[in-house]
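Chain order of the listed sequences is A and B. Oh and the first sequence: position 318 is 318 in the working numbering, straight run, nothing missing. Oh and the second sequence: position 368 is 368 in the working numbering, straight run, nothing missing. Heads up, the beta-carbon is just placed ideally off N, CA and C, and yes, glycines get one too. In this text, all values refer to a predicted model and were calculated from it rather than measured experimentally. These notes concern the structure reproduced below.
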Amino acid sequence: MSRRILVLGADGFIGRRVVAQLAASGWAIPVAAGRRRLKGSVPSIDRLCFDATDEKALRAALVGVDGVVNCVGGSPATIVSSARCLFRAAIPTGPVVVQLSSMAVYGAAQGEVDEQAPLRGDCGAYGVAKVEAERLASDYHRAVILRPGCVYGPRGAQWSERLARLLRTHRIGDLGAGGDGFANMVHVEDVAAAALAALRRPDGYGQAYNLALPNPPTWNDFFLQFARALGAVPIARLSERRLALETRLLAPPLKVAEILAGRLGLGGFPPPAIPPSLARLWRQEIRLLVGKAENHLDMRWTSLDRGLAETARSLQTHAG
Amino acid sequence: MLIDAYDLPDGQPLAADVCIVGAGATGIAMALQFLGSGIDVLLLEGGGLGRETDSQALYDGAVADRRLHSPLDRYRERRFGGSTTTWGGRSMPFDPIDFEARDYIADSGWPIGRDALQPYFPLANRIAEAGAFAYTIDAAFATPRRPMIDGFDSQTFTTSTLERFSCPTDFGRRYRHKLDTGREIRVLVHANVTGIVLSAGGQAVEEVTVKTLKGQTFSVRARHFVLANGGLEATRLLLASRDLMPGGLGSRHDVLGRFYMCHMAGTIGAIQFNRPVWNGYDIADDGTYCRRRLAMRPEVQRRERIANVIARLHHPRITDPRHRNGILSMLYLAKMFIPYEYGKRLHGGEVLDWATRLAHVRNVVTDMPSTVAFMAHLLRDRRLAERKFPSIIIRSKTHLHSLDVHAEQEPNRESRVTLGQETDALGLPRLVVDWRYTPGDIGSVRRFLALLAQDIERSGVGRFDYDQDSVESEMTRYGAYGGHHIGTARMGSDPRTSVVDANCRLHGVDNLFVAGPAVFPTSSQANPTLTAIALSLRLADHVKDRLASFAAGERSVL
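As structure tokens, then:
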């Protein structure tokens with residue numbers, strides 16, 4: 001019981017679930033590292049507070065640690081610099097590192113995509129950063145890479161709360177050709193479970209794993225299913241014109257408002273933006289193949305029905 | 001990949017595994033099934049990406065009785081997307097009874113049952129964007145909805161079946177991106193098929209001849225050919241392929257071009273309910289508009305020995321200003337803005353005198369608030385909406401309605417299309433349409449109405465009055481229901497009484513198939529598009545199976 005696993009980005013959506021699953025595992029003890037001091041954190045869990053781009057602090061945190069799960073999010077620059085610091089700091093002690101990457105590394109790829117597919121990273125700065133972080137991870141030799149699709153679940157900002165708000169206000173729904181892409185959804189608990197499984201697998205170094213529901217629904221189907229769970233039906237049919245208006249005209253000011261509101265501590269006040277990258281993703285007919293994660297990591301997936309019901313319930317309680 | 005045949009060199013042949021003629025509802029639905037299959041598909045569309053006068057003019061033809069059938073360039077669109085660029089979107093499966101051989105309807109009966117199409121309907125609904133394949137109110141809605149006619153309890157009629165509506169989806173616009181990026185698919189626009197060339201023995205199609213309106217001619221060779229160019233046009237092309245058979249390809253037993261059916265449709269009588277009724281739309285979770293109707297139960301159809309008929313609760317006749325309804329009067333006054341295809345049945349083409357017109361103006365003025373609200377609804381839910389409110393629904397304050405009847409036509413050898421002497425710009429003979437209806441067609445509607453009047457009265461919900469003597473004139477007032485071109489290349493297992501077999505393959509020709517409502521042996525009460533799509537999806541599977549077994553055969557020989 002003396003194994004200690006450092007979770008970076010422990011206060012994030014995924015990090016929190018990794019910490020919780022580690023704590024419940026009886027296999028290892030989580031050390032939760034976040035940038036901010038949190039009120040109301042679980043007292044029984046060891047907490048560290050430092051910036052993941054601070055190499056010195058990282059080096060100190062790695063002392064006596066057997067493994068690391070890197071869930072640091074944030075800007076592309078943060079993603080790259082935290083990965084760079086981590087893999088440099090880890091060299092002396094050599095813990096196994098589970099690096100949270102993203103399907104964004106596949107860029108604009110279409111069709112069925114397994115882990116051998118080229119890392120194009122040709123869809124924006126986020127994807128470029130994730131590719132770079134993966135490169136640093138593979139240079140480290142003791143890293144396992146997880147490439148989740150769209151991670152959803154209770155308290156997920158991107159793929160749960162934002163989409164719920166858009167569905168409730170009928171700004172998304174049935175998008176016609178704009179929603180023909182595949183929703184490679186994966187439940188946050190499944191991502192956390194995969195991180196644990198990767199830590200426990202001694203021969204997994206250098207491997208990458210796609211994480212997503214097999215046979216993903218189209219985004220149109222996903223939106224309908226989510227809207228049903230939310231009680232936001234009937235869904236609206238939105239024209240391509242309307243979506244273009246969202247991405248070209250509405251998205252820039254809404255994004256600015258979001259940033260300002262974030263600074264002022266009014267997070268959640270302005271309506272969410274639909275940036276062009278998001279609309280592009282909804283069209284992208286990419287299907288992550290996940291057989292490798294099922295075989296090597298024994299992944300079993302939370303069904304969308306269950307995951308969405310749980311997500312909708314949590315949204316209700318949070319909204320009061 | 002999308003290619004304009006105008007950019008292709010004259011005379012250079014093309015080849016594919018499967019050649020689909022016509023990029024409309026069935027052609028596009030089929031082509032989509034080959035995405036990712038590794039099977040090469042060439043989808044030939046005669047028209048361009050938009051409406052073009054010269055392409056459209058290729059549809060011109062003659063009509064035996066102009067009062068009974070619309071001109072042949074109407075309700076048909078020779079362009080990418082076909083007639084889905086103009087359709088109303090009503091998406092209905094044929095009923096199981098429609099497939100049965102009914103001894104009281106001559107030449108009825110399909111060689112397949114509804115169960116053969118059952119696996120394909122959900123996908124057909126999906127492609128048509130008509131929501132789930134759920135066609136009763138209980139199947140389509142998780143929670144109880146208000147009844148259509150509260151208290152109407154009938155052993156003869158049911159009010160629980162639904163009509164569902166597509167957006168209406170323009171298949172060309174909706175699926176262009178898939179066809180354009182699909183590796184297997186080449187869509188050729190401005191590519192008009194003008195001839196079918198058979199092998200020496202006549203057992204297989206060798207190639208089709210393609211012409212453009214700019215003078216190019218080339219051939220397309222394929223393993224399998226599918227005519228998906230609409231009920232009338234597929235028939236025309238077969239009739240015009242006279243190299244081996246003077247009456248056209250598939251005409252050996254003089255069935256091709258015969259049994260032409262549309263639907264009987266008319267607005268009849270006055271139903272005065274003594275309580276509010278619901279004649280509007282229910283909106284399913286997926287956003288599709290669903291509407292209930294009065295349908296005759298199949299066992300009653302068999303007992304009464306009549307064809308399949310349904311009726312919807314409709315608004316009073318628009319042209320008569322005595323309805324005192326501002327919305328209806330406005331629709332009359334706005335008739336010049338309503339497209340021909342829809343306006344005909346709305347305002348009836350009646351020319352009214354000035355006094356009557358003035359009465360309509362008065363209705364609009366006195367009923368201004370509801371007229372304005374209705375205009376706003378039309379603008380928001382129809383004109384600007386992507387999923388359009390399907391029809392004009394007037395909620396009658398006085399619970400007064402007329403009945404909108406949509407009825408099956410029985411197969412009739414004498415109702416037929418033939419080739420005329422004139423040819424179009426590409427040299428293809430023009431069609432002559434001689435649409436007929438039978439006393440049986442009218443008789444079924446009469447019986448339906450009589451039983452309905454009885455049941456409405458008996459259940460105590462109101463009264464249905466109609467003029468029995470004008471049933472025939474009302475049901476034929478606008479002639480054949482436009483756009484439904486059924487039966488002229490009917491399906492059957494016996495080549496003496498049918499043109500294609502149960503797999504839509506032309507009898508005696510190994511690799512030529514017909515998709516679309518031309519192969520329907522009977523016409524149902526339902527609009528044909530959805531069933532035509534389902535049947536074409538089944539055909540796509542069949543063609544794939546044929547290619548796979550051929551490939552397997554090839555391997556085993558090696």
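Residue i at chain B interface by Cβ criterion, 8 Å
i              : result
P275 (chain A) : no
L224 (chain A) : yes
A248 (chain A) : Per the sequence shown, residue 248 (chain A) should be read as Arg rather than Ala. No, its Cβ sits nowhere closer than 8 Å to a Cβ of chain B.
I45 (chain A)  : no
P271 (chain A) : no
I235 (chain A) : yes
S239 (chain A) : yes
D174 (chain A) : yes
R228 (chain A) : yes
Interface flag, residue i vs chain A, CB-CB below 8 Å
i              : result
G482 (chain B) : no
D138 (chain B) : no
A25 (chain B)  : no
D286 (chain B) : yes
C590 (chain B) : Shown here, chain B extends from 1 to 558; a query on residue 590 (chain B) therefore has no answer.
H263 (chain B) : no
I283 (chain B) : yes
R174 (chain B) : yes
Residue of the options minimising C-alpha distance to residue i
i              : options                           : result
D107 (chain B) : B:L506, B:T488 and B:S536         : B:T488
I286 (chain A) : A:L245, A:T218, A:E258 and A:I274 : A:T218
Q468 (chain B) : B:R458, B:L451, B:F80 and B:G482  : B:L451
A10 (chain A)  : A:A28, A:R4, A:P154 and A:L48     : A:L48
A407 (chain B) : B:C290, B:S199, B:V309 and B:G81  : B:V309
L162 (chain B) : B:E129, B:T288 and B:P321         : B:T288
I393 (chain B) : B:R291, B:I306 and B:D494         : B:R291
G176 (chain A) : A:D190, A:G34 and A:E240          : A:E240
S402 (chain B) : B:Y478, B:P339, B:P316 and B:D424 : B:P316
R466 (chain B) : B:A480, B:G479 and B:L449         : Correcting the residue type first, residue 466 (chain B) is Tyr in the shown sequence and not Arg. Ranking the options by Cα distance to Y466 (chain B), first place goes to B:L449.
W435 (chain B) : B:M92, B:I3, B:Q33 and B:A62      : B:A62
A311 (chain B) : B:G269, B:G11, B:S329 and B:V405  : B:V405
L8 (chain A)   : A:A261, A:V97 and A:I235          : A:V97
Close beta carbons around residue i, own chain, < 6 Å, minus the five adjacent residues each side
i              : result
A355 (chain B) : none
M1 (chain B)   : R186
Y205 (chain A) : R142
M245 (chain B) : S251
D190 (chain A) : W301 and T302
Assigned exposure category for residue i - 16 Cβ within 10 Å defines buried
i              : result
S524 (chain B) : buried
D46 (chain A)  : exposed
W301 (chain A) : buried
V31 (chain A)  : buried
L358 (chain B) : exposed
Q99 (chain A)  : buried
Q116 (chain A) : exposed
K56 (chain A)  : exposed
Contacting residues, own chain, Cβ-Cβ under 7 Å from residue i (five flanking each side not counted)
i              : result
I442 (chain B) : V471, E472 and M475
G127 (chain A) : A104, V105, G107 and G121
Q409 (chain B) : M261, C262, H263, M264, Y437, D441 and S523
Y75 (chain B)  : S83, E341, G482 and G483
G94 (chain A)  : R142
G257 (chain B) : T235, L239, R416, V417, T418 and T488
G12 (chain A)  : C71 and G73
Own chain residues within Cβ distance below 8 Å of residue i, not counting five before or after
i              : result
F152 (chain B) : T159, D455, I456, S459 and V461
- Query: Using Cβ-Cβ distances below 8 Å, what residues of the segment 355-388 of chain B are close to chain A?
  - Reply: A385, E386 and R387
- Query: What are the residues of the segment 174-188 of chain B that lie near chain A, defined by any Cβ-Cβ distance shorter than 9 Å?
  - Reply: R174, Y175, R176, H177, K178 and T181
- In chain order, what residues of the segment 162-187 of chain A put their CB closer than 8 Å to some CB of chain B? G173, D174, G176, A177 and D180
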